[in-house]
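Structure record follows, encoded as structure tokens.
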Amino acid sequence: MKRITIAKGDGIGPEIMDATLKVLKAANAPLEYDEVQIGEQVYLTGNTTGIPTEAWDTIRKNKILLKAPITTPQGKGYKSLNVTLRKTLGLFANVRPCNSFAPYVETKHPDMDVVVIRENEEDLYAGIEHRQTNEVVQCLKLITRPGCEKIVRYAFEYAKLNNRKKVSCFVKDNIMKLTDGLFHTVFKEIAAEYPEIESDSWIIDIGTAKLANEPERFDVVVTTNLYGDVISDITAEISGSVGLAGSSNVGEHVSMFEAIHGSAPDIAGKKIANPSGLLRGAIMMLNHMGMQEIAMNINNAWLCAIEEGIHTADIYEEGVSKQLVNTMEFADAVIARLGKMPQNLKPVVYESKGAIKLHNYIRENNTVKTLNGVDVFLDWSSGSPDDLGEYLSKANGTLELQMITNRGVKVYPNGFDETFCTDHWRCRFEKTTDTVSNSDIIKLLSDIHDLGLDAIKTENLYEFDGVRGYSLGQGQ
Ligand code: NAD
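Take a look at the structure:
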């Protein structure tokens, strides 16, 4: 017997969890459960994280969490529990398989079978945001080499373990050359280690358009957090129903399994919700835990129920469906088919190959880092870019003003009158001598302060092994 943690969540959560546990019991899954309270009731006690200390302890002890959806109360101050769980527990890989079940569940893409593997911990979801001026707020997009290496390697290992043929990378590195560029570079490096698996790369906009229109062209897709969040919902929806998809959030220590849909408050308590999303999350969990036989048995019984037209209201369709069932009746229909193989849908075969193991990240410490200058950001609204440029030139010393940009566009020197400017200016100072240090930057900031200007932040400009580590201004 293996002890796992369960959380029944909010809305339809308890109904679909009870149905899922009933199927697991009938399939003789050797599991025991510790239930934790997380979500709405906890938020409403004033705990803005939605999770009490005891729940953390149980989740960390058991290492596997099967979680029903939770409701994040509207209003300020409540943190998304999902994001908290993923980041705190290091659940770096979010895996969402999305395949169609045509003709039993309506879809325009009867042959699609895509797995979206989304980086789960960094990117804009680091949640580091600042209001810097009256007009401008910013969110830091953090992409790290260890983060990219972990998720990309996970995607290739997942493909290998699951006999998938191709891994596609989705990025926007034509614009974000450093952040998305790093993800893409790491993808190419790691793809070369798996010559038996095909790989390709897509710019996210056209890639998503193709994915939505011709999902059959894709197999495994790996991408950063925000893009993955968006495209995994699109992919689940076009496969037939968001209500059918499960997902895993895999970490090196703890892993969490869930449905991808939310708590569906509009149908909560009616006992009509489709438990398939959570059940399929549970099947992923069984596979992860090395219980492939039981996972296969439940999945094939589930496919039998779907192809026999035993459908909950969300996928019920006159002429295709045969029997409208509620949540527990659907679970009973799956249970009645344990041990059977689907006749028309392709049966699943899970080979027992064990969980995906990743190499430890090896940090390289021998990079030569050189300081070239600094970008000083100013809150300023007292004139034209030329006024600011001339004024700032008075602060030139070992560091000299090279350009000013506004929202990334060069406006000084030789800016265009047509460029709209906000009150947020990036002023780039570069070295005039061979070497500069942080004390030159401190001196510059002091001079800028003495000129009566409001410096709101700085970004140092570095080269790494002679390669520029900062973007040029548009028009520079
Ligand atoms: P939702 O997924 O809960 O519901 C969207 C629509 O799909 C609703 O009409 C709902 O009735 C239907 N639906 C969803 N799951 C279904 C199922 N299993 N069977 C039948 N119909 C189903 O999305 P929402 O309404 O945007 O969000 C509701 C709440 O869920 C919000 O508080 C949100 O924060 C939360 N949420 C939680 C999670 C999670 O815990 N992982 C994920 C998404 C949203």
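For the sequence shown, the working numbering gives the first residue as 1183, with consecutive numbering after it. Cβ coordinates follow ideal geometry from the N, Cα and C atoms, glycine included. In this text the structure is predicted, and so the values were computed from the model without any measurement.
Looking at the ligand NAD, does it come within less than 6 angstroms of PRO1251, judged from the CB to the closest heavy atom? yes
Examine the ligand NAD and report whether any of its heavy atoms sits within less than 6 angstroms of the Cβ of ASN1456. Within the cutoff, so yes.
Using a Cβ-based criterion (distance less than 6 angstroms to any ligand heavy atom), does THR1230 qualify as near the ligand NAD? no
Chain-order list of residues whose beta-carbon lies under 8 angstroms from that of GLN1314 (same chain, five-residue window excluded): GLN1320, PHE1559, ASP1561, HIS1606, ILE1638 and LYS1639
Grouping DSSP H, G and I as helix and E and B as strand, with all else coil, what is ASN1276? strand
Report the option in LYS1370, LEU1485 and VAL1550 whose CA atom is closest to the CA atom of GLY1651. Relative to GLY1651, the option among LYS1370, LEU1485 and VAL1550 whose CA is nearest is VAL1550.
In chain order, what residues of the same chain lie with their CB nearer than 7 angstroms to the CB of ASN1469, ignoring the 5 residues before and after it? ALA1477 and TYR1532
Just checking ASN1302 against the ligand NAD - is the residue's beta carbon closer than 6 angstroms to any of the ligand's heavy atoms? no
For ASN1642, three-class secondary structure by DSSP: strand
Hey, could you find the ends of the beta strand (DSSP E) GLY1555 is sitting in? 1551-1561
Length-filtered (4 minimum) alpha helix (DSSP H) runs lying within the region 1367-1437: 1386-1395 and 1407-1420
How is MET1585 classed by DSSP in three states: helix, strand or coil? DSSP, reduced to helix, strand and coil, places MET1585 within a strand of the structure shown.
If we ignore side chains and look at the alpha-carbon of each, how far apart do ILE1194 and ARG1242 end up? Roughly 25 angstroms between the two C-alpha positions.
CB-CB under 7 angstroms to ARG1519, same chain, minus the five flanking residues each way: which ones, in chain order? ALA1483, CYS1486 and ALA1487
In or out: LEU1654 buried (at least 16 other Cβ within 10 Å) or exposed? exposed
Which residues share a DSSP beta bridge with ALA1455? ALA1455 is not bridged by DSSP to any residue.
So what does DSSP say about THR1326, is it helix, strand or coil? Three-state result, THR1326: coil.
Within this structure, are the beta carbons of GLU1222 and ASP1200 separated by less than 7 angstroms? no
Using a Cβ-based criterion (distance less than 6 angstroms to any ligand heavy atom), does HIS1493 qualify as near the ligand NAD? no
For GLY1555 and ASN1229, I'd like the C-alpha separation in whole angstroms. 44 angstroms
From the DSSP output, in three-state form, read off GLU1440 for me. Secondary structure of GLU1440 (DSSP, three-state): strand.
Closer than 6 angstroms: ASP1514 CB and nearest the ligand NAD heavy atom: For ASP1514, the distance from the CB to the nearest heavy atom of the ligand NAD is not below 6 angstroms.
Integer-rounded CB distance, given that ILE1413 should sit under 8 angstroms from VAL1403: 7 angstroms
Quick check: the Cα distance between GLU1288 and GLY1389, rounded to an integer number of angstroms? Taking the straight line from one Cα to the other gives about 24 angstroms.
Beta-carbon contacts of ILE1497 that lie in its chain and below 6 angstroms, excluding the five residues immediately before and after: Taking C-beta separations shorter than 6 angstroms and ignoring five residues to either side along the sequence, the partners of ILE1497 in its chain run VAL1287 and SER1423, following chain order.
Spatial neighbours of ARG1346 within its chain, please: CB distance less than 8 angstroms, with the 5 preceding and 5 following residues excluded, ordered by chain position. VAL1297, TYR1340, ILE1379, ASP1401 and VAL1402
Just checking SER1445 against the ligand NAD - is the residue's beta carbon closer than 6 angstroms to any of the ligand's heavy atoms? yes
I'd like the ranges of any alpha helix (DSSP H) spanning at least 4 consecutive residues and lying wholly in the region 1444-1530. Assignment of alpha helix (DSSP H) within the region 1444-1530, counting only whole runs of 4 or more residues, yields 1458-1470, 1474-1489 and 1509-1518 in chain order.
Taking the alpha carbon of ASP1257 as the reference point, which residue from LEU1226, ILE1465, ASP1239 and PHE1283 has its own alpha carbon closest? The question names Asp, but residue 1257 in the sequence shown is Gly. If we check each option's Cα against that of GLY1257, LEU1226 comes out closest.
According to DSSP, simplified to helix, strand and coil, what is PHE1352? Correct three-state label for PHE1352: strand.
Which residues bound the beta strand (DSSP E) around THR1187? Segment 1184-1189, the beta strand (DSSP E) holding THR1187.
Based on the DSSP secondary-structure assignment, which residues constitute the bridge partners of ALA1637? LEU1560
Minimum C-alpha distance to ASP1295 - residue among GLY1433, SER1282 and GLU1489: That would be SER1282, whose Cα lies nearest to the Cα of ASP1295.
Does the Cβ of GLY1309 lie closer than 6 angstroms to at least one heavy atom of the ligand NAD? It does not: the Cβ of GLY1309 is nowhere closer than 6 angstroms to a heavy atom of the ligand NAD.
Candidates ALA1441, ILE1492 and ASP1569: closest to ASN1276 by CA position: When only C-alpha atoms are compared, the closest one is ALA1441.
Does the beta-carbon distance from ASP1647 to ARG1608 come in below 7 angstroms? no
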